[in-house]
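S.K.: What follows is a structure written as structure tokens; I'll ask about it next.
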Amino acid sequence: MIRFVYIYLAIAFLALTPRFAAAQNENPAGKWKGHFSKDGVRVEATFNVKPRTGATFSATMDLNIAGNSAFGLPASECTYDGAAKRLHLVFAAAGGLEFQGTQAGETLRGVIGALGEYDSLTLIRVETPATTIANTAYAIDSVTIKGKNARLAATVTHPWEKGKYPALVLVTGSGPQDRDETIFNHKPFEAIADHLTQQGIVVLRYDDRGVGGSTGDFATATTADFADDAAAAVRFARKLPYVDKDRVGVLGHSEGGIIAMMLAAEGKKEAPNFIVLMASPGVPMKTILVRQNEESMGPLLPEEKRAEFQRLTEAFFEDYAKSNGNRTADSTRIAQFVERSFALISPETENLLAQHGVTRESLIAQNLSIMTTPWFLYAIKLDPATYLAHISCSVLAMQGERDRQVFADENVAAIREGLSKTNSCRLTVKRYADLNHLFIPCRTGSVQEYPTLNAPFSAAALDDLAWWVKTR
Numbered sequence: 004m005i006r007f008v009y010i011y012l013a014i015a016f017l018a019l020t021p022r023f024a025a026a027q028n029e030n031p032a033g034k035w036k037g038h039f040s041k042d043g044v045r046v047e048a049t050f051n052v053k054p055r056t057g058a059t060f061s062a063t064m065d066l067n068i069a070g071n072s073a074f075g076l077p078a079s080e081c082t083y084d085g086a087a088k089r090l091h092l093v094f095a096a097a098g099g100l101e102f103q104g105t106q107a108g109e110t111l112r113g114v115i116g117a118l119g120e121y122d123s124l125t126l127i128r129v130e131t132p133a134t135t136i137a138n139t140a141y142a143i144d145s146v147t148i149k150g151k152n153a154r155l156a157a158t159v160t161h162p163w164e165k166g167k168y169p170a171l172v173l174v175t176g177s178g179p180q181d182r183d184e185t186i187f188n189h190k191p192f193e194a195i196a197d198h199l200t201q202q203g204i205v206v207l208r209y210d211d212r213g214v215g216g217s218t219g220d221f222a223t224a225t226t227a228d229f230a231d232d233a234a235a236a237v238r239f240a241r242k243l244p245y246v247d248k249d250r251v252g253v254l255g256h257s258e259g260g261i262i263a264m265m266l267a268a269e270g271k272k273e274a275p276n277f278i279v280l281m282a283s284p285g286v287p288m289k290t291i292l293v294r295q296n297e298e299s300m301g302p303l304l305p306e307e308k309r310a311e312f313q314r315l316t317e318a319f320f321e322d323y324a325k326s327n328g329n330r331t332a333d334s335t336r337i338a339q340f341v342e343r344s345f346a347l348i349s350p351e352t353e354n355l356l357a358q359h360g361v362t363r364e365s366l367i368a369q370n371l372s373i374m375t376t377p378w379f380l381y382a383i384k385l386d387p388a389t390y391l392a393h394i395s396c397s398v399l400a401m402q403g404e405r406d407r408q409v410f411a412d413e414n415v416a417a418i419r420e421g422l423s424k425t426n427s428c429r430l431t432v433k434r435y436a437d438l439n440h441l442f443i444p445c446r447t448g449s450v451q452e453y454p455t456l457n458a459p460f461s462a463a464a465l466d467d468l469a470w471w472v473k474t475r
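Each number in the working numbering corresponds to the 1-based position in the sequence shown with 3 added.
Now the structure itself:
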């Protein structure tokens, strides 16, 4: 999910960042909040630090700059000197933004900046919800799944009573995510696991490779690598003594839906018996990115320039999808796209962006760091139709109609069209009028609205999901 946001926010002139949380007094794990002033503009920063194996940590960052929220940016470097209680974070995708600070109990004091320009920043550790629901209605087991190039830390929830139950493996969307798919104060996968397990369904969810307790290198992985991890989780689930091995499904959220399609289309032994596509793309990834850019850039453009920006964006992503990984050529493409995009906005808007530190040069550097990653170069070429035509198992497609990341109409239509090419697939579609990409009731569905929402995951969607899985 989040990396879709990550890309279009970057291209649409916003910074980026993350999610996770866990508070422990003897180390920096937890959610830290603070603010600083940059050129007279208030910048609110949140660091989300999560323990990994041994005494190491991973981190992500959330920013709010003059009302513009950004998130999903993992720290490229995260080191903690336990003796000195010193935390050092580097965010390469944000132009090398760096934080160095010293922990004193529930306070972090230090400096933040890049290229030799630093500002003071003090952060306070805040309370966050527990990552596991206290519930004696079912068993909660911590397990480790051995994958091809990673060991995945996972949680399995299952009924106490002996028997053979259907199982569902949860696969996160894009970006580094924990097993609960934590974003701000929302934990979609925890809500799904809790509800379904109380309905007699085994649920397996895991930290992405390189996140939380999982090993492996997230930064160099592609969607194909994440599909390998999901396949390992399916094989693991089928071997559990309380699982009916002929009733094992995969739920993929956002990009995770494409991974579910990949596994179902391959027809190998790890192929699921059914799949759930939750806010999943049905159109090519380049089309998703075009729509997201149009959505985010619209407010910045004069009305008469929007059609021109649409043509520019479509041509750019169509061309970029042909990239062979030549960094020089890709850098030229990106620079030209940013320059041409800036030419469409008014001088007043460009000046306003510059006041927030957003310039042509900074955007070119930021997008180059994102769009030359192995993941992006692989993902930009993905077309769900390639997999949909080869799926023969039952499919549930769930979609919120206020989703502003994966738009309901065109993606549901594309899923229907793709699956119509196979005679044996049974498709069920559930659409929800007031839900966003996270399946939370909302007003606008925008990414900026996410941190302001306090409503839980939709009860109607949970009930529909549980019923459908139980009847497979």
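We put the CB at the ideal spot given by N, CA and C, even for glycine.
Between the region 200 to 218 and the region 235 to 252, do at least 3 Cβ pairs fall closer than 8 angstroms?
M.R.: Per the Cβ contact rule, the region 200 to 218 is in contact with the region 235 to 252 (3 or more Cβ pairs under 8 angstroms).
S.K.: In terms of DSSP beta bridges, what is L173 paired with?
M.R.: DSSP lists R208, L254 as partners of L173.
S.K.: Alpha carbon to alpha carbon, how far is N457 from G448?
M.R.: 14 angstroms
S.K.: For S372, collect the residues of the same chain with a Cβ closer than 7 angstroms to its Cβ; drop the 5 residues on either side in sequence, then sort them by chain order.
M.R.: Excluding positions up to five away in sequence, the list reads A95, A96.
S.K.: Using CA coordinates, which residue listed in A392, N30, N370 is at the minimum distance from E269?
M.R.: A392
S.K.: If we ignore side chains and look at the alpha-carbon of each, how far apart do H38 and L124 end up?
M.R.: 6 angstroms
S.K.: For R363, I'd like the list of residues in its chain whose CB is within less than 7 angstroms of its CB, leaving aside the five on either flank, ordered along the chain.
M.R.: Contacts found: V341, E342, F345.
S.K.: Would you call the CB atoms of I348 and L315 closer than 8 angstroms?
M.R.: no
S.K.: Within a Cβ cutoff of 6 angstroms, which residues of the same chain sit near T49, ignoring the five residues on either side of it in sequence?
M.R.: K36, D65
S.K.: Should L118 be labelled buried (16 or more other beta-carbon atoms within 10 Å of its own) or exposed?
M.R.: exposed
S.K.: Going along the chain, which residues of its own chain have a beta-carbon closer than 6 angstroms to the beta-carbon of D466, five neighbours each way excluded?
M.R.: Excluding sequence neighbours, D466 sits near nothing in its chain.
S.K.: Does the Cβ of T20 have 16 or more other Cβ atoms within 10 Å, making it buried, or fewer, making it exposed?
M.R.: Confidence in T20 is poor, its pLDDT being 30 and thus under 50, which makes the residue's placement unreliable; the coordinate value appears in the next sentence. When all chains shown are included, T20 counts as buried.
S.K.: If you draw a straight line from the alpha carbon of S40 to that of A107, how long is it in whole angstroms?
M.R.: 22 angstroms
S.K.: Could you check whether the region 150 to 159 touches the region 251 to 263, counting it as contact only if at least three pairs of C-beta atoms, one from each stretch, sit closer than 8 angstroms?
M.R.: Segments in contact, no.
S.K.: Can at least three beta-carbon pairs, one atom from the region 433 to 447 and one from the region 402 to 411, be found at a separation below 8 angstroms?
M.R.: Per the Cβ contact rule, the region 433 to 447 is in contact with the region 402 to 411 (3 or more Cβ pairs under 8 angstroms).
S.K.: Once the 5 residues before and after L430 are set aside, which same chain residues still bring their CB inside 6 angstroms of it?
M.R.: V398, L422
S.K.: Look at N414 and V286 and say whether their C-beta atoms are less than 8 angstroms apart.
M.R.: N414 places its beta carbon less than 8 angstroms from that of V286.
S.K.: Let me check understanding here. Comparing Cα to Cα, which of P444, W378, D412, P454 lies closest to D220?
M.R.: W378
S.K.: Check this for me: beta carbons of A240 and A170, under 8 angstroms apart or not?
M.R.: yes
S.K.: Can you give me the start and stop residues for the beta strand (DSSP E) that G178 sits inside?
M.R.: Per DSSP, G178 belongs to no beta strand (DSSP E) and is neither H nor E.
S.K.: Classify D467 as helix, strand or coil using the three-state DSSP reduction.
M.R.: In the structure shown, D467 falls within a helical segment according to DSSP collapsed to helix, strand and coil.
S.K.: Could you pull the DSSP bridge partners for I127 from this structure?
M.R.: K36, T110
S.K.: Within 8 angstroms (strictly less), CB to CB, does L315 reach chain C?
M.R.: This model lacks chain C altogether, as it is built from one protein chain only.
S.K.: Between the Cα of L355 and those of F410, K34, R112, V44, spot the shortest distance and give me the residue it belongs to.
M.R.: V44
S.K.: Buried or exposed: G301, going by 16 or more other Cβ atoms within 10 Å of its Cβ?
M.R.: exposed
S.K.: Measuring only the C-alpha atoms, how far is H189 from F60?
M.R.: 21 angstroms
S.K.: Using only the alpha-carbon positions, how far apart do I127 and G213 sit?
M.R.: I127 and G213 have their C-alpha atoms roughly 26 angstroms apart.
S.K.: Taking DSSP's pairing of strands, which residues face F50 in a bridge?
M.R.: Per DSSP, W35, M64.
S.K.: Taking the alpha-carbon positions, what's the A87 to T105 distance?
M.R.: 8 angstroms
S.K.: Just the C-alpha distance for F312 and Q339, rounded to the nearest angstrom, thanks.
M.R.: 13 angstroms
S.K.: Specify, as a first and last residue, the run of the alpha helix (DSSP H) that R434 falls within.
M.R.: Looking at the DSSP string, R434 is not in any alpha helix (DSSP H); the run it does join, the beta strand (DSSP E), is 430 to 435.
S.K.: Who pairs with S397 in a beta bridge, going by DSSP?
M.R.: F277
S.K.: Below 8 angstroms on the Cβ atoms is my guess for F460 versus P191; work out the distance and round it to an integer in Å.
M.R.: 6 angstroms
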